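Down below is the structure, laid out as structure tokens.
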Amino acid sequence: MRMILVGPPGAGKGTQAARLVERLHITHISSGDMLRAAVKEGTAMGQAADGYMKAGQLVPDDVVIGMILERIAKPDCANGFMLDGFPRTIPQAEALDAALAKAGVTLDRVLMIEVPDALLVERGVGRRNDPETGKIYHLKFDPPPAEVVPRLVHRKDDTEEAITKRLTYYHEWTAPILPLYQAKGILRTVDGVGTPDEVTARVTAALAQ
Ligand code: ADP
Ligand code: ADP
């Protein structure tokens, strides 16, 4: 299975991806996680991306496209992959298409998780990440166990201001990629409002269609 998860910031892509990849035995590739790792390591790519990310802006296409195409060519993606957070623009979607065509493979599914904007700021502001396990928590909706709380990280771009900016970019730049996949008949849309378990059930059903 080669698939893409799309949705606005805070829709639950990372949360659902963690549950799905275990079951599907495919590799989870989060462009945001890869970029944050590059920033932490201080690589040239990380230094180029840092300012954009803090401000909630998109990192330039050439940087992200190079990073992802290199990643999906690795052997652990031969059985399939789940892209989370990429593509986010039409040039990114076109570059992915061209690379997959060249490799002689196709995308099976594009899964869009739909959540109204009004709910997304609260989801983002309350998000906390565990750097040791990679687990995603929410202070209200998925409270972390007391013993992990001291090590949890609150992302620099999970402020109301940066989330609002990311939402604007989502509507302007990312939503327009959806018709490309609709035209190929591989787009499935699920309602992302409800408990994470309810959303997982919908996602599983949508993938089977
Ligand atoms: P969220 O799902 O909360 O928006 P991500 O972890 O996917 O967050 O992305 C965090 C930030 O990383 C984005 O705001 C953007 O700056 C950068 N980023 C991630 N993926 C891409 C991409 N495909 N294209 C451009 N920038 C990206
Ligand atoms: P994304 O990867 O799309 O940006 P995340 O999976 O990181 O989104 O989820 C954003 C925040 O919302 C996290 O704090 C997560 O715990 C929480 N969350 C995820 N799914 C749900 C849900 N169905 N209901 C309420 N909160 C959720």
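The sequence shown begins at 835 in the working numbering and counts up one residue at a time. Cβ atoms here follow ideal geometry from the backbone N, Cα and C, with glycine treated the same way. Since we're looking at a predicted model, the values are computed, not measured.
- ARG1000 is the residue among GLU875, ARG1000, ASP976 and ALA932 whose C-alpha sits nearest the C-alpha of GLY919.
- About 6 Å separates the Cβ atoms of PRO843 and GLY958, confirming a contact at the 8 Å cut-off.
- DSSP, read as helix, strand or coil, puts THR1023 in strand.
- Judged by DSSP secondary structure, ARG943 falls within the beta strand (DSSP E) whose first and last residues are 943 to 948.
- Your pair LEU869 and VAL840 does not check out as a contact, with CB atoms roughly 17 Å apart and the cut at 8 Å.
- Fully enclosed beta strand (DSSP E) runs of no fewer than 3 residues occupy 943 to 948, 961 to 963 and 970 to 972 of the stretch 929 to 985, in order along the chain.
- Rounded to the nearest whole angstrom, the C-alpha separation of GLY1026 and VAL949 is 5 Å.
- Three or more Cβ pairs drawn from the stretch 921 to 936 and the stretch 881 to 896 lie within less than 8 Å of each other, which places the two stretches in contact.
- Contact between ILE860 and ASN913 holds: their C-beta atoms lie close to 6 Å from each other, under 8 Å.
- One alpha carbon belongs to SER864, the other to GLY848, and they sit about 8 Å apart.
- The alpha-carbon separation between CYS911 and GLY866 amounts to approximately 18 Å.
- Relative to ligand 1, TYR971 has its C-beta separated by 8 Å or more from all heavy atoms.
- In the DSSP assignment, LEU892 falls outside any beta strand (DSSP E), carrying neither H nor E.
- Pairing LEU1014 with LEU1021, the inter-Cα distance amounts to about 9 Å.
- Going by beta carbons, ILE838 and LEU941 fall inside the 9 Å limit.
- Counting every other CB atom within 10 Å of its CB across the protein chains shown gives VAL1033 a total of 16 or more, marking it as buried.
- Straight across, the Cα-Cα distance linking ALA878 with HIS862 is about 24 Å.
- Counting along the chain, the unbroken alpha helix (DSSP H) around MET868 starts and ends at 865 to 875.
- Cβ neighbours of TYR1003 within its own chain (closer than 6 Å, five residues either side excluded): LEU892.
- Beta-bridge annotation (DSSP): ILE860 is not paired with any residue.
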